[in-house]
Amino acid sequence: MQPRTLVQAVVLTFAVGATTPAWACCKDGDNGCWVAAAFTGGASCAVTGTAMALEELKQKVERASADARARYGQAKRKERTELNSALLGAAVGTANARKEAQQAANDSGQIIRTQVQVDRKPKPQPASGNLLVKPAAPAGDGNDHDTLLRQADREISRIAQEVGGELEKAAQTAMQGALTVFDLHVRNIDKIFEISFLVPLTGLLPMIPDPIAAGVSTIWLIDRFDSIVRDFDLRVMPEAESLDTKVAPERERMLAAQSKAKERAERARRLADAMKALHAQPSATNAQALRAMLSPPKDPPKDAPTKAPGGGLLLNASHLKLAPGTLAGLKLAAPKESMTQTRQELVGLSTSLRQISARNYTLAPATLQSKAQPELKRVFASKSPEQVKRAQDDMLASLRQRFGKDPQLMAQIERGLQKAGNSAYK
């Protein structure tokens, strides 16, 4: 019996089921894949495409989890460094205020010592027999100057003690408090990020199904991805977003202490300068200027610091301008930004999975024929029946390794190969 032409045999073999939707997934040169697709009407190609897509998805999940961990780690280290630097800047501002207040105290003390030395100089005695009556000192002059100078010196000393004691300590406490709150909250984010995101995401890797097995569905996998996204939104994102809010109270206390220290130091300097003016030129004008500085204002300035309910200091915008801009304008947003990027990648993975499940391309019969013909020609052309049988067995063994987990699909392939071989020799 003479064999039919190879084209006739192939066309006859492809005549059944050739219009079934198929997934255009076989790579050029993967002739076994195209032969299986031809014999199964494209069903094997769809399975192979799903396998390739899910393998790619696994790699994306691995990269996404590793990138998310690295990105978040970098963000929290960056934010910790910036916060520490800003707090140190504010602490330096408080220390400078202490030095300024202390210098003012030193200057006022020197004035008092000089004044005492002047007072201790021997006074000229009146001539014997002549009784001189010292005229009354004008208001604001004479000994009243000494009183004003000593009052100012005591006020400056009190300010120096306040700035170098209470306010500097408050700044140091707030600084340590801000760093402690930051570290505690970041550790909480670490824990939630690990439990609610990294563990569930990496846990999906061994659970991604083998698409070659019969009856495989990715619907449940989509549900798991959606669940991870929901948990990320409910647990991880709020914690990352609240980092700045958690640190803000301690940061504001730091700013308040630094701002008040600067304000007090400036007052001490103004008092010391007024003392110098009165000491150098003891006039009524200079005395009145110093007296006005020593008199407490009837009403506190509108922008003065006020006490918060918890005992801390609250500042309005004008006082915040006195503080270093790095701390006043610092927003701890890097962890939130890193999590936002991670969420976008997570949604992208979920979208990729949906696309895997939704793909439904149709291959025309002519396409299947043109792709499969080179391999069938190699198997059947110019060979004896025994050679054809051995070639069939070799091809079947190769395809069983690929599709053996789906008996129904493998049966179609076996029938197709058998029919193609038989058709070639009818």
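With positions in the sequence shown counted from 1, the corresponding number in the numbering used here is that position plus 9.
All C-beta atoms in this analysis are idealised placements derived from N, C-alpha and C, irrespective of residue type, glycine included.
Cα-Cα separation, residue i to residue j
i: D192; j: S74; result: 23 Å
i: S327; j: A270; result: Residue confidence for S327 is low, a pLDDT of 34 falling below 50, so the modelled location carries little weight and cannot support an answer.
i: F206; j: T57; result: 30 Å
i: R352; j: Q396; result: 57 Å
i: E261; j: R167; result: 25 Å
i: E88; j: A343; result: 6 Å
i: S361; j: G51; result: 22 Å
i: L97; j: R276; result: 24 Å
i: A95; j: L336; result: 5 Å
i: E171; j: S268; result: 13 Å
i: Q119; j: R279; result: 16 Å
i: L250; j: F241; result: One detail in the question is off: residue 250 reads as Glu in this sequence, not Leu. Their backbone Cα atoms lie some 12 Å apart in a straight line.
i: D235; j: V356; result: 8 Å
i: A100; j: A180; result: 7 Å
i: L264; j: T103; result: 9 Å
i: L358; j: L66; result: 7 Å
i: K255; j: K178; result: 21 Å
i: G319; j: I204; result: Residue placement at G319 is flagged as unreliable, the pLDDT there being 38, under the threshold of 50; the coordinate-derived value follows with that caveat. In a straight line, the C-alpha of G319 is about 35 Å away from that of I204.
i: K69; j: K108; result: 58 Å
i: D402; j: I365; result: 33 Å
i: P291; j: L341; result: 55 Å
i: T349; j: V195; result: 16 Å
i: R387; j: Q378; result: 14 Å
i: T182; j: Q83; result: 27 Å
i: D39; j: R411; result: 12 Å
i: Q160; j: L176; result: 22 Å
i: G413; j: N197; result: 48 Å
i: K428; j: R363; result: 37 Å
i: M404; j: G212; result: 37 Å
i: R122; j: G173; result: 23 Å
i: A257; j: D116; result: 38 Å
i: P394; j: A400; result: 10 Å
i: W43; j: T90; result: 58 Å
i: A55; j: F202; result: 36 Å
i: M61; j: K392; result: 34 Å
Start and end residues, alpha helix (DSSP H) containing residue i
i: T254; result: 252-289
i: P394; result: 394-412
i: V208; result: 208-212
i: A45; result: 40-48
i: M216; result: M216 -> no alpha helix (DSSP H), and no H or E assigned at all.
i: L176; result: Counting along the chain, L176 falls outside any alpha helix (DSSP H), and DSSP gives it neither H nor E.
i: I228; result: 228-240
i: A293; result: 293-303
Residue i, buried or exposed, once every other Cβ within 10 Å from all chains shown has been counted against 16
i: A106; result: buried
i: K398; result: exposed
i: K200; result: exposed
i: K380; result: buried
i: Q417; result: exposed
i: A110; result: buried
i: A390; result: exposed
i: E259; result: buried
i: K85; result: buried
i: D162; result: buried
i: G346; result: With the sequence shown as reference, residue 346 is identified as Glu, and Gly is not the correct amino acid for it. By the 10 Å Cβ count, E346 comes out exposed.
i: L324; result: Residue placement at L324 is poorly supported in this model, since its pLDDT is 34, which falls under 50; the coordinates still yield a value, given next. L324 comes out buried.
i: A169; result: buried
i: T59; result: buried
i: V208; result: exposed
i: S407; result: exposed
i: R239; result: exposed
i: G425; result: buried
Whole-Å CB distance - residue i paired with residue j, under 8 Å assumed
i: L339; j: L158; result: Not really, about 43 Å apart at Cβ, beyond 8 Å.
i: I231; j: L63; result: That belief does not hold up - the Cβ atoms of I231 and L63 are roughly 12 Å apart, past 8 Å.
i: L299; j: E164; result: Actually they do not touch by this definition, with Cβ atoms about 10 Å apart.
i: L210; j: I228; result: Contact doesn't hold; Cβ gap of about 19 Å is too wide.
i: A281; j: A113; result: 4 Å
i: M384; j: G41; result: A quick correction: the sequence has Glu, not Met, at residue 384. Right, the Cβ-Cβ distance comes to about 7 Å (below 8 Å), so this counts as a contact.
i: L252; j: E71; result: Actually they do not touch by this definition, with Cβ atoms about 28 Å apart.
Would you call the stretch 62-79 and the stretch 243-256 in contact, with 3 or more CB pairs under 8 Å? The stretch 62-79 is not in contact with the stretch 243-256.
Should the stretch 152-169 be called in touch with the stretch 288-297, which here means at least 3 C-beta pairs below 8 Å? Result yes; three or more Cβ-Cβ pairs closer than 8 Å.
Please determine if the stretch 177-194 and the stretch 277-291 are in contact, where contact requires at least 3 C-beta pairs separated by less than 8 Å. Pairwise C-beta distances place the stretch 177-194 out of contact with the stretch 277-291, as fewer than three of them are shorter than 8 Å.
I want to know whether the stretch 409-422 touches the stretch 39-54 - three or more CB-CB distances under 8 Å. Inter-segment contact for the stretch 409-422 and the stretch 39-54 is present: three or more beta-carbon pairs are separated by less than 8 Å.
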